[in-house]
Every structure is written in C-alpha cells, then in structure tokens.
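Reviewing the structure listed below.
Protein chains in written order, with the numbering used here: chain A, 88 to 343; chain B, 8 to 902.
Below, the structure is given as structure tokens:
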C-alpha cells in the first residue's frame with residue numbers, strides 16, 4: 088500500500104523525458120535507457136486518488152499526498168481521505184526495501200517486512216516493482232524492439248523486456264507500448280515470473296497532460312487479468328523538482 | 008406410384024375406418040409401452056458426448072464419490088438462533104438413512120485437537136510457538152500481542168489471499184470469544200457457566216466450530232448423500248424430505264430463515280420444473296392450437312378430432328423415439344410442444360380439403376381419395392423437408408443438438424405417418440356416425456376469409472420494386488441489429504426464476520466468498536493431491552481447495568514442522584506455574600489489553616486500506632467502528648470493568664485462569680503431537696470425503712471465489728484450472744465446453760440445414776431461380792429473427808441457439824407452399840395465391856407460433872428463450888415470405 092504511491096511518483100518521473108530530447112537512433116535499448124535516465128529526477132510531489140476493488144467487490148476511494156526524493160529512492164505517503172485513514176502515513180526507503188507505517192490513533196510506527204519489492208501494494212493491483220524500481224528496466228532486462236503499433240490512435244514503439252538470467256524480479260518479461268511522439272508509455276503488459284506466456288497484469292496509462300513541460304499520464308489503471316480486479320490511480324496534481332526537506336523522510340516526519 | 012398408394016389408402020380408410028382405428032389403438036398401446044422406457048435428465052453435462060473426457064471424468068467422480076454431490080442447507084439469522092437451529096436439525100437429517108451418508112456443519116475437532124499444529128505451515132508455526140511460553144493470562148496476552156504484531160501488523164502479506172484472510176478471521180474470532188469470556192469472569196461473581204472456560208479454550212485454539220460466515224449471520228450445513236446424483240428418484244425424494252424437515256423446524260424459529268441449495272437440490276429443481284414445464288406447455292400448446300383451429304374454421308368436432316389425432320400422434324412419436332434414445336435431455340424434453348405446433352398442419356390440410364370436396368357433393372370416399380391424392384404429396388414432402396433439416400443437426404458433436412435433430416426428425420415423420428393413417432378414418436367414422444344418427448350432413452367448413460392477404464398480394468405484385476426496396480431497407484436495419492445481438496452465457500438465467508436453490512447461490516457467495524459450483528479432479532496419490540492443492544491455492548480466482556493433503560502434510564513438511572511442536576511442548580513443560588494475577592500487575596494487564604486493542608485497530612486499518620472487507624468487519628466487531636471511537640469496543644469495555652473494581656475483576660480473572668489453564672495445557676499438548684501423520688491415522692469421517700470406494704484415488708475440489716456463470720470469469724477460471732491439470736472437471740469447465748460445442752455445432756447444423764433444404768428444393772422445382780426465390784424469404788426471415796431478438800432485448804442462449812437450424816426447417820415451408828401454388832395458378836396471380844394459400848400459411852404459422860409461444864410459460868427460462876426465438880422466427884419467415892416472394896415472382900414474371 089505504502090509503496091504504491093512512491094511508485095507512481097516514480098512513474099511520473101519516468102515520463103519526464105521530452106520528445107525533443109530523444110535520440111535520433113531509436114533502438115529498443117536507446118529508448119529504454121534514455122527513458123530510464125529521465126525517470127530518475129531529483130524530487131516530486133503529488134496528490135493522488137486511488138480506487139481499489141475490495142474483496143466483497145465494492146469500490147473504495149482513497150486519496151493521499153506523496154513525496155519523493157533522491158530520484159525516487161525515498162518516498163513518503165500521507166493519507167488525506169477517507170477520514171478513517173487521514174494522517175496515516177507510509178515511509179519507503181531504499182527503493183521500498185524498507186517500509187514503515189504510522190497510525191495516528193495509536194501513535195505507533197510499525198516497521199513492515201523488508202524486501203517487499205514483488206509484493207502487491209495493499210489494496211491495489213500494483214506491486215512496488217511495477218512502478219519502476221530504479222534503473223531495473225536497463226539493468227535487469229534485455230530490450231527488444233517488436234515493432235511499431237497503433238494504440239488508442241497513437242503510433243507506438245512496441246518493446247519487449249526479457250528478464251536477464253539470475254535476476255530477481257516478479258516478472259519474466261514486460262511488453263511496453265511507448266508513444267512515438269511523446270515517449271510516454273501508454274500500456275505495459277506484465278508476464279508471470281516462471282511462465283513468459285502467461286500474462287498477469289496490464290497497466291493502461293492515459294489522460295496525458297503537460298506538467299512543468301513534462302508529458303504526464305494523469306490516469307493509470309492496473310488490470311489483473313488473472314484475478315478479476317483493477318486499480319485506478321489518478322493524479323489530481325503533480326509537481327516535479329520541488330524542494331523537500333530530507334527530515335520528512337524519517338519516523339518523525341511521518342508523524343507530522 | 009405415390010398417388011396410387013395414397014388413393015388406395017384413402018379407399019381403405021373410407022371403407023374400413025373401425026379396423027384402422029383399432030389397429031392404431033393397438034399401435035398406440037405398443038408405442039405407450041415403448042415410450043414408458045423414456046427417462047429424463049436435466050443435467051447440462053448430458054448435452055455433451057458421453058465420451059467427452061470432461062464428461063467421462065465428471066460422471067466417474069459423481070459415481071465414485073458421493074461427496075462430489077451435496078445438499079447445502081443455508082441458514083441465516085441471529086448467531087445463537089442459527090446455531091441452535093443447526094444443532095436441532097442435523098440429527099433429524101442424519102436420521103434419513105435412506106438418503107444421507109453424513110452431515111457436516113462443524114469442523115472435525117477430534118482430529119484437529121490431536122494433530123492441529125503439524126498441519127500449520129512452518130513459517131506460521133515459527134511465529135506461533137511463543138504463545139505457549141506461559142499460559143497464565145498476562146504472559147499469554149503479551150505473547151498474543153507479539154504474535155499479532157509480527158504476523159499481521161508487521162507483514163502486509165498476511166492478509167493477501169483468501170486463505171490468509173480466513174485464518175486471520177478465525178484467529179480474531181477466537182480472540183473475540185476469549186475477550187468476551189474474560190469480561191464475563193471479570194464482571195461475574197461465581198455464576199459463570201462451568202463450560203465457559205472450556206469453550207473459550209476451544210474457540211481460541213480451534214476457532215468457531217460451526218461453518219458460519221465471518222459476520223455470524225449465515226450458517227451452512229453440508230449433507231452428503233449416500234446415492235449418486237445420477238439417481239433422479241432419490242435426488243427428488245431426498246430434497247423434498249429435507250425441505251419438509253427444514254420447514255417444520257422453521258416454525259419453531261420465527262426469526263430464522265433457511266433454504267436448500269447445492270448440486271442435489273439444483274438437480275431436483277431442474278428435473279421437477281422441466282417435467283412440469285413439459286406437461287403445462289404441451290397442454291397449453293394443444294389448447295391454443297385447437298382454439299385457433301376452431302376460430303379459423305368455425306367447426307368444433309373436426310378440430311377435436313384433429314386434437315385427438317395429434318395426441319395419438321405424439322404418443323406414437325414418443326414410442327418410435329424411445330426406440331432410438333432412452334433419455335430425454337433439456338433440449339429434447341420439449342419435443343412434444345414443437346411437434347404439436349408443427350404436426351397440426353397436416354390435419355389442417357386434410358380437414359380443409361376433405362370438407363371442401365364434401366361440400367361440393369363428393370361422397371366421403373370420393374372426397375377422401377381427392378384429399379389424399381391432392382394434399383398427401385404436399386404433406387409428405389413438407390414433412391420430409393422439415394425432417395431432413397432436423398436430421399442435419401445430427402452432424403453435431405453435442406449430444407444435445409444431435410439428439411434434438413434425431414428426436415424431432417423421427418417425431419415429425421411419425422406424426423405425419425400417423426396423421427395419414429388415422430385422420431382420414433376419424434373423419435369418415437364421424438360422418439358414418441352422423442349419418443346413422445340421422446343428424447345434419449357434412450358441410451363445407453366456414454373458414455375465416457383473409458381477403459386482406461389477397462389485397463396485399465395485389466399491391467405487392469403491382470409495386471414489386473417499391474416493395475423490395477422497403478423490404479431490403481428494413482432487412483438492412485435488421486441486419487445491423489443482428490450484428491449487435493448478444494449471447495447470455497449465464498447458465499443461471501436459464502434456470503427457473505426465483506427458486507431457492509439458485510437464489511441461495513448468490514447468498515453463499517456474498518456471505519462466504521465461495522461459489523457452490525466447484526471443479527474436481529482425482530489423483531492416484533496423496534502427494535499428487537498435494538501438488539494440485541498447492542498449485543490451486545496460488546490461483547487468484549480460487550476461494551477454497553479441499554483435499555486429503557490438508558490433513559496429511561508431506562514427510563518433508565512434517566520434518567520441518569516437528570521441531571516447532573517439540574518447542575511448544577518444552578514451553579508447556581517449563582511453564583506450568585499457574586501464578587495468580589496480583590493487584591500490582593493490574594497496570595501491566597491493562598497495558599497489554601490496550602495493546603491488543605491497538606493491534607486489532609491497526610489490523611483493521613491495514614485491512615481497510617487493503618480492501619479486505621471481511622477482516623475489517625471482524626475487527627469492527629471487536630473494537631467498534633473506528634469512525635466513532637469508543638462505541639462498541641469490547642476491549643475498552645473489558646478495561647472499564649477491570650478499572651471499576653480491580654480486586655473483584657482480578658478475582659474473577661484468576662478464577663478464569665484457574666479454570667482454563669489445565670484445559671488449555673491439555674489441548675495445547677495434544678495439538679502439538681509430534682507423531683507422523685499417515686493415511687491410516689485419518690479418521691473415516693475425513694477420509695471418506697476424499698477417497699473413492701476402491702481406495703485408490705483421492706478427490707480434490709477447488710471452489711471459485713465468484714459466480715462462475717459470468718462468462719468472462721468462467722473462461723479465465725477454467726483456463727487457470729486447465730493449466731493446473733488438464734483433467735480437472737466439473738460444471739464450470741463442462742458448461743464452457745458446452746457453449747463452445749453448441750456454438751460450433753449450431754453454425755454447422757444451420758449451414759447443413761440450409762444446404763439440405765436447397766438441394767431438396769432444387770430437386771422439387773428443378774430450377775435454380777425458383778429454388779433461390781423460395782430460399783430468399785427464409786434467409787431474410789432468419790436475419791429478421793435475429794434483428795428482432797436484439798430489438799426486443801432477447802439474447803441467444805445455449806438452449807435457444809438450437810432453434811436456428813429448427814427455423815430453417817420450419818420457415819422454408821411458407822415459401823414452398825406459395826411457390827407451388829404460383830405454379831398452379833400462374834405467376835401473375837398473386838392476389839389469388841395469397842388469398843388462398845396465404846391464408847393457409849398464416850394459419851399454420853399461427854398454430855406453430857401458438858405451440859412455440861406456450862414455451863414462454865415454462866418456469867425453466869431456457870425453454871422460454873427457445874420459445875421466444877422460434878416464435879419470432881416463424882413470424883419473421885411468414886412476413887418475409889408474404890412480402891418478398893410475390894415481389895420476386897412478379898419481377899420474374901415480368902422478365
């Protein structure tokens with residue numbers, strides 16, 4: 088749950104790269120490498136609305152504010168809505184390897200399990216890894232251009248990322264559709280860790296807006312194609328390269 | 008030759024009607040004898056070929072494991088009331104020795120009490136063992152808190168799937184009971200129930216023994232039959248008997264509600280409603296057809312004779328059908344209604360022409376000879392055309408469609424033969440009786456004139472291009488609509504509406520996140536069962552997996568777990584102190600109880616954000632709604648009780664400790680038994696559910712989370728199951744296969760029917776242009792039918808899709824009759840043709856529609872969907888025939 092939010096800050100940063108900066112040789116490696124380089128921006132701040140499907144099939148809306156520094160390595164999420172979770176916060180350090188949660192009513196900070204990278208972020212169909220853990224797309228996967236395809240009316244690069252041997256990841260491969268004009272990923276398919284033929288999830292990114300000159304998908308929907316649920320996330324606001332105090336990303340900062 | 012045969016038969020009928028009738032009576036008795044062998048099945052698995060691997064496996068499991076069939080008594084109401092209801096009703100149901108093998112409504116405490124901990128995963132045991140390090144109240148609560156913080160608050164994955172959620176709820180439930188009991192002792196003097204401490208221990212260690220929903224409002228009782236679900240008589244009798252017992256007991260529990268569902272009651276309802284539908288719709292179809300006949304011809308006796316002929320024909324057809332098949336399925340069970348709608352046409356032709364000739368002065372013999380020689384050929388050709396298109400359905404792989412083709416094909420020929428055999432004799436006998444009684448002589452029937460049809464024919468033939476343009480435009484609209492038709496894959500929408508066995512399925516899913524439509528597989532070893540169980544538990548659409556491996560961990564698993572059990576016993580040995588709580592420890596006790604409150608609150612918060620509603624609801628039951636802090640918090644209430652009168656409360660709690668400690672010690676010691684579990688240690692009450700009669704295969708059942716009749720979910724769930732093992736069977740994969748097979752066969756049978764009809768017409772007309780003209784209204788009629796279905800919101804279903812090839816056989820008749828008449832009257836005589844033959848095809852269409860329309864009265868909604876499709880199809884084919892055929896003929900004639 089906590090990391091979810093760090094996640095899409097990271098994703099937002101992923102979208103920082105602007106088309107004019109793109110390289111002339113658009114090989115799969117180039118596109119992924121330079122995307123990855125652009126992902127890692129110094130800081131971001133966003134207000135996010137998330138809609139989850141509960142186990143009894145109901146929709147639940149949650150809203151939180153997320154802060155990110157050190158190129159997405161440290162993230163803090165503070166719930167705003169509903170009232171019941173207002174003030175509850177989640178701190179993720181070291182690319183979400185270390186996670187803490189704070190409950191205002193009990194005034195307790197709990198350290199959660201470490202190495203949660205592959206786990207589902209609570210209540211959502213996102214795992215921490217889905218939102219891009221550092222430069223893993225470049226270091227952990229082999230990129231291959233599958234071709235060009237039109238998706239939702241936009242010309243896209245279709246790129247396959249195959250997991251390199253001995254790498255730990257929740258997925259054996261990803262297939263990404265990246266808009267040729269804005270270089271924003273419009274869709275990502277995630278495949279089973281042990282079976283590259285079995286699709287687990289699909290992330291759909293839409294409602295792309297220019298924020299601080301950066302094309303940003305304001306809406307993301309993760310669909311679990313094996314289960315029967317989906318999670319929607321929507322940026323209500325986002326700012327990049329904001330000045331954030333490092334003290335925020337501590338136990339004390341969680342309680343503020 | 009055909010004409011001579013018919014002439015000779017007409018003469019014999021006229022001269023020896025009584026002998027013929029007696030012969031027919033004997034034939035009918037023989038047919039009745041033959042038909043009595045016909046049985047019925049309402050299972051949709053019987054619509055697939057018996058040799059289909061899925062069906063074969065399914066039938067084997069149903070035969071070998073009575074646990075694969077069940078009756079589920081769903082009880083809902085107040086917790087105490089429904090538990091008492093269950094305690095009272097179970098012995099009564101168990102007494103039904105003729106039907107019931109066993110009844111389950113509580114967990115098997117015996118086995119769990121002696122071996123429970125070795126069934127727990129090593130990772131969970133690791134966190135749990137500390138709980139046994141001191142059974143006194145204070146250390147116990149402290150260790151429970153440690154465990155909760157490590158298991159739930161500190162691990163977001165602890166609630167990540169249904170099994171983990173269930174475990175969390177069970178733990179919280181035990182804890183809730185423990186807190187309630189603490190409060191009871193803390194606030195009571197010495198009047199607590201002797202069993203309170205024992206109950207609290209059991210609930211804490213083993214959970215609520217009843218199969219009850221987390222909100223404690225719904226309880227399930229599983230009744231395992233001692234017969235196979237294939238035994239229809241016992242299916243019906245057992246369900247009715249259990250329902251009576253439930254109804255009787257409900258009178259003593261006014262606030263409790265209960266109903267039956269599960270495979271056995273569902274089969275019972277399908278069977279009973281199908282049979283009832285067969286009877287009701289047949290009678291209604293017969294009455295409607297008769298009324299139409301009487302209204303059209305303004306006669307009474309002759310239509311009654313036609314009805315008698317029809318009844319005898321259907322009996323005869325049933326007898327002939329029974330030679331070929333012994334069991335009617337969901338699709339073929341409605342053959343009588345369809346034959347009534349179609350078969351009456353033969354009588355209409357005979358009666359109509361016979362009385363025309365009698366009115367013209369022919370004597371009975373002359374009139375009958377004329378009638379049979381003129382209409383006999385049309386009747387036989389018409390019946391054969393329809394039969395051929397029905398028989399073309401036999402190419403199908405699906406038993407449902409194949410047998411429908413066979414039954415209706417054989418049926419229509421039987422009805423035609425019987426009508427030619429009996430109807431002439433009945434008419435002659437009637438005349439003989441009238442003559443002998445000296446009553447009025449036969450007159451020409453006064454049929455209702457359809458002059459309007461003649462006028463329509465006139466207009467169309469004068470404006471063929473305009474008619475065709477309008478018709479084509481409308482057909483294009485219908486085609487557009489047809490492309491938007493939808494298929495309703497929800498099998499439950501075929502079932503009778505509002506019956507409890509169907510409605511309760513939804514209640515079960517809501518209360519337990521568990522659909523009663525499970526899949527099954529058998530394995531030769533326990534290890535194989537375990538492999539499949541573990542794989543299935545990983546699947547996100549699975550709610551519950553049950554197998555013998557739940558009770559027999561692998562050798563390796565037992566080895567890994569044993570050290571933890573040894574540690575539990577060490578803790579127990581070292582901590583048999585029984586120290587009383589001192590007043591100085593009140594602060595520590597309250598602090599730990601408050602910590603418990605915090606932990607449960609935090610679990611609830613994590614569950615809320617994580618969307619685990621049932622865990623959240625359970626937490627709310629214990630600590631109240633976090634949105635209104637303080638209200639309904641049982642833990643805070645306990646703290647208040649202790650603070651109000653600490654000495655009194657601690658005295659009570661010490662009494663509680665004294666009473667529960669030996670029991671908790673004893674149960675903990677037993678539950679941590681380290682001896683290896685092997686198959687011979689499993690009690691029959693558990694083993695019998697999983698092992699077959701030969702003792703060589705083990706059953707694994709996998710229950711989905713959701714209603715499987717959502718087709719998208721059904722497809723995904725079935726694919727996931729097939730990936731685990733391709734031999735997995737059950738209603739969900741069988742239904743998916745059925746939909747696929749019926750869809751494919753429906754197209755194939757329809758194409759073959761069109762081809763057969765085309766070839767037959769080509770042989771008849773010997774001209775490709777006439778054949779194409781005759782086919783045009785049929786093709787357009789089919790398009791209109793599908794377009795109209797979309798327009799009125801009627802979807803295709805796996806039952807009514809079979810109606811398409813039927814419509815091809817039925818809908819072609821109108822065009823054939825009109826074209827034949829055109830050939831006699833001349834191609835420019837649309838007015839005459841439509842006035843005369845148009846009337847006949849209108850009447851036959853109406854009688855057919857009346858027959859099919861009666862299916863709308865069926866409780867089984869699958870029949871209703873078939874009736875609607877056929878009703879629209881016959882109407883559409885009639886209109887397209889009257890509209891397009893005269894226009895096309897007119898153009899052809901002009902050319």
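The beta carbon of each residue, even a glycine, is placed where N, CA and C say it ideally should be.
Here the structure is a predicted model, which means the values were calculated and not measured.
- Roughly how many angstroms lie between the CA atoms of residue 774 of chain B and residue 758 of chain B, to the nearest whole one? Walking along the second chain from the start, residue 774 of chain B turns up at place 767. Walking along the second chain from the start, residue 758 of chain B turns up at place 751. Cα to Cα, the separation comes out at about 21 angstroms.
- Item | Whole-angstrom distance between residue 720 of chain B and residue 491 of chain B, CA atom to CA atom | Start at 1 with the first residue of the second chain, and residue 491 of chain B comes out as number 484. Start at 1 with the first residue of the second chain, and residue 720 of chain B comes out as number 713. The straight-line gap from Cα to Cα measures roughly 22 angstroms.
- Message: Could you pull the DSSP bridge partners for residue 162 of chain A from this structure?
- Response: Your numbering for residue 162 of chain A matches position 75 in the first chain. DSSP lists A/155, A/179 as partners of residue 162 of chain A.
- Task: Using a Cβ-Cβ cut-off of 7 angstroms, state whether residue 599 of chain B counts as contacting chain A.
- Result: For the purposes of this step, residue 599 of chain B is taken as residue 592 along the second chain, with counting starting at 1. Not an interface residue.
- Sorted by chain position, which residues of the same chain lie with C-beta nearer than 8 angstroms to residue 57 of chain B's C-beta, five sequence neighbours on each side aside? Working through the second chain from its first residue, we reach residue 57 of chain B at position 50. If we look at residue 57 of chain B and ignore the five residues flanking it on each side, its Cβ neighbours are 63, 66, 406.
- Item | Same chain only: Cβ atoms within 8 angstroms of residue 172 of chain A, ignoring 5 sequence neighbours per side | In the first chain, counting from the first residue as 1, residue 172 of chain A sits at position 85. Result list for residue 172 of chain A: 149, 166, in chain order.
- Query: For residue 884 of chain B, does the count of other Cβ atoms within 10 angstroms reach 16, so buried, or fall short, so exposed?
  - Reply: Taking the second chain and counting its residues from 1, one reaches residue 884 of chain B at position 877. Per the 10 Å Cβ criterion, buried.
- Where residue 158 of chain B falls, given that 16 or more other Cβ within 10 Å makes a residue buried: Within the second chain, residue 158 of chain B is the residue found at index 151, counting from 1. Answer is buried; the Cβ neighbour count reaches 16.
- Task: Within its chain, find whatever has a CB closer than 8 angstroms to the CB of residue 740 of chain B; leave out the 5 residues flanking it on each side and keep chain order.
- Result: Walking along the second chain from the start, residue 740 of chain B turns up at place 733. The residues are 61, 526, 725, 728, 729.
- Does the Cβ of residue 111 of chain A have 16 or more other Cβ atoms within 10 Å, making it buried, or fewer, making it exposed? Taking the first chain and counting its residues from 1, one reaches residue 111 of chain A at position 24. Caution applies to residue 111 of chain A, whose pLDDT of 40 falls short of 50 and renders its modelled position unreliable; the value that the coordinates give is listed next. Counting Cβ neighbours within 10 Å, residue 111 of chain A comes out exposed, since fewer than 16 surround it.
- Message: Taking the beta carbon of residue 842 of chain B as the centre, do at least 16 other beta carbons fall within 10 Å, making it buried, or is it exposed?
- Response: Taking the first residue of the second chain as position 1, residue 842 of chain B is located at position 835. Buried is the call here.
- Item | Reduced DSSP secondary structure (H/G/I, E/B, other) of residue 145 of chain A | To locate residue 145 of chain A, count along the first chain from 1; it is residue 58. The answer is coil: DSSP assigns residue 145 of chain A none of H, G, I, E or B.
- Query: Nearest to residue 640 of chain B by alpha carbon, out of B/656, B/600, B/659?
  - Reply: The sequence position of residue 640 of chain B within the second chain is 633, counting from 1. Of B/656, B/600, B/659, the residue nearest in Cα terms is B/600.
- Task: Anything in chain B within Cβ reach of residue 193 of chain A, meaning under 7 angstroms, just list it in chain order.
- Result: Taking the first residue of the first chain as 1, we reach residue 193 of chain A at position 106. Residues of chain B passing the Cβ test: 605, 608, 609.
- For a contact meaning CB atoms closer than 8 angstroms, what does residue 620 of chain B contact in chain A? Numbered from 1 along the second chain, position 613 holds the residue referred to as residue 620 of chain B. Per Cβ cutoff of 8 angstroms: 141, 142, 143, 145.
- Task: Report yes if the CB atom of residue 856 of chain B is closer than 7 angstroms to the CB atom of residue 823 of chain B, and no otherwise.
- Result: Within the second chain, residue 856 of chain B is the residue found at index 849, counting from 1. Within the second chain, residue 823 of chain B is the residue found at index 816, counting from 1. No, the Cβ-Cβ distance between residue 856 of chain B and residue 823 of chain B is not below 7 angstroms.
- Message: So with CB distances below 7 angstroms, who are the chain B contacts of residue 340 of chain A?
- Response: Counting from 1 along the first chain, the entry for residue 340 of chain A is found at position 253. By Cβ distance, chain B contributes nothing, its closest Cβ being about 20 angstroms from residue 340 of chain A, past 7 angstroms.
- Keeping to the same chain, check which residues put their C-beta closer than 6 angstroms to that of residue 371 of chain B; ignore five residues upstream and five downstream. Stepping through the second chain from its first residue, residue 371 of chain B is reached at position 364. The answer, listed in chain order, is 21, 435, 438.
- Task: Just confirm the distance between the C-beta atoms of residue 522 of chain B and residue 715 of chain B, as a whole number of angstroms; I'd bet it's less than 8 angstroms.
- Result: Residue numbering aside, residue 522 of chain B sits at position 515 when the second chain is read from its first letter. Residue numbering aside, residue 715 of chain B sits at position 708 when the second chain is read from its first letter. Between residue 715 of chain B and residue 522 of chain B the Cβ distance is about 6 angstroms, and since that is below 8 angstroms, they are a contact.
- Out of curiosity, what's the CA-to-CA distance linking residue 109 of chain A and residue 278 of chain A? In the first chain, counting from the first residue as 1, residue 109 of chain A sits at position 22. In the first chain, counting from the first residue as 1, residue 278 of chain A sits at position 191. In this prediction, residue 109 of chain A scores a pLDDT of 41, lower than 50, which makes its location untrustworthy; no coordinate-derived value is stated.
- Under 8 angstroms (Cβ pairs) to chain A, residues found in the segment 66–88 of chain B: none
- Task: Quick one: using the 10 Å Cβ neighbour count with 16 as the cut-off for buried, is residue 770 of chain B buried or exposed?
- Result: The residue you call residue 770 of chain B lines up with position 763 of the second chain. Exposed, because fewer than 16 other Cβ atoms sit within 10 Å of the Cβ of residue 770 of chain B.
- Assign residue 343 of chain A to one of two classes, buried (16 or more other C-beta atoms within 10 Å of its C-beta) or exposed (fewer than that). Taking the first chain and counting its residues from 1, the one referred to as residue 343 of chain A is at position 256. Label assigned to residue 343 of chain A: exposed.
- Can you list, in chain order, the residues of the segment 483–503 of chain B whose Cβ is nearer than 9 angstroms to any Cβ on chain A? none
- Query: Where does residue 316 of chain B sit, in a helix, a strand or coil, going by DSSP?
  - Reply: Translated into positions along the second chain, residue 316 of chain B becomes position 309. Note: residue 316 of chain B maps to helix in three-state DSSP.
- State the Cα-Cα distance for the pair residue 630 of chain B and residue 587 of chain B, rounded to the nearest angstrom. Numbered from 1 along the second chain, position 623 holds the residue referred to as residue 630 of chain B. Numbered from 1 along the second chain, position 580 holds the residue referred to as residue 587 of chain B. Going from the Cα of residue 630 of chain B to the Cα of residue 587 of chain B covers about 27 angstroms.
- Query: In this structure, does DSSP put residue 77 of chain B in helix, strand or coil?
  - Reply: Counted from its first residue, the second chain places residue 77 of chain B at position 70. DSSP places residue 77 of chain B in coil when its eight states are reduced to three.
- Proximity test, Cβ basis, 7 angstroms: residue 902 of chain B and chain A: Here residue 902 of chain B refers to the residue found at position 895 of the second chain. Since pLDDT at residue 902 of chain B reaches only 47, below the 50 mark, its modelled position is unreliable, and no value is offered.
- Query: Using a beta-carbon distance below 7 angstroms, is residue 174 of chain A in contact with chain B?
  - Reply: In the first chain, residue 174 of chain A corresponds to position 87, counting from 1. Not one chain B Cβ lies under 7 angstroms of residue 174 of chain A.
- Task: Note down, in chain order, all residues in the segment 310–328 of chain A with a beta-carbon under 8 angstroms from any beta-carbon belonging to chain B.
- Result: 311, 312, 313, 314, 315
- Message: Taking CB distances under 7 angstroms as the criterion, tell me whether residue 228 of chain A reaches chain B.
- Response: Looking up residue 228 of chain A in the first chain gives position 141. It does not; no Cβ of chain B falls within 7 angstroms.
- Query: Within the 7 angstroms Cβ cut-off, does residue 171 of chain A reach chain B?
  - Reply: Translated into positions along the first chain, residue 171 of chain A becomes position 84. Yes, because at least one Cβ of chain B sits closer than 7 angstroms to the Cβ of residue 171 of chain A.
- Task: May I ask you to report which of helix, strand or coil DSSP gives residue 631 of chain B?
- Result: Position 624 of the second chain, counting from 1, holds the residue named residue 631 of chain B. Coil at residue 631 of chain B, not helix or strand.
- In three-state DSSP terms, what is residue 94 of chain A? For the purposes of this step, residue 94 of chain A is taken as the residue at position 7 of the first chain. Here residue 94 of chain A scores only 42 on pLDDT, less than 50, and its place in the model should not be relied on; the value that follows carries that caveat. If DSSP states are grouped into helix, strand and coil, residue 94 of chain A belongs with the helices.
- Message: Our contact map puts residue 356 of chain B next to residue 325 of chain B with C-beta atoms below 8 angstroms; I'd like the distance itself, whole angstroms only.
- Response: The residue labelled residue 356 of chain B in the question sits at position 349 within the second chain. The residue labelled residue 325 of chain B in the question sits at position 318 within the second chain. Not really, about 23 angstroms apart at Cβ, beyond 8 angstroms.
- Alpha-carbon to alpha-carbon, residue 566 of chain B and residue 235 of chain B: Taking the second chain and counting its residues from 1, the one referred to as residue 235 of chain B is at position 228. Taking the second chain and counting its residues from 1, the one referred to as residue 566 of chain B is at position 559. Approximately 40 angstroms, taken between the alpha carbons.
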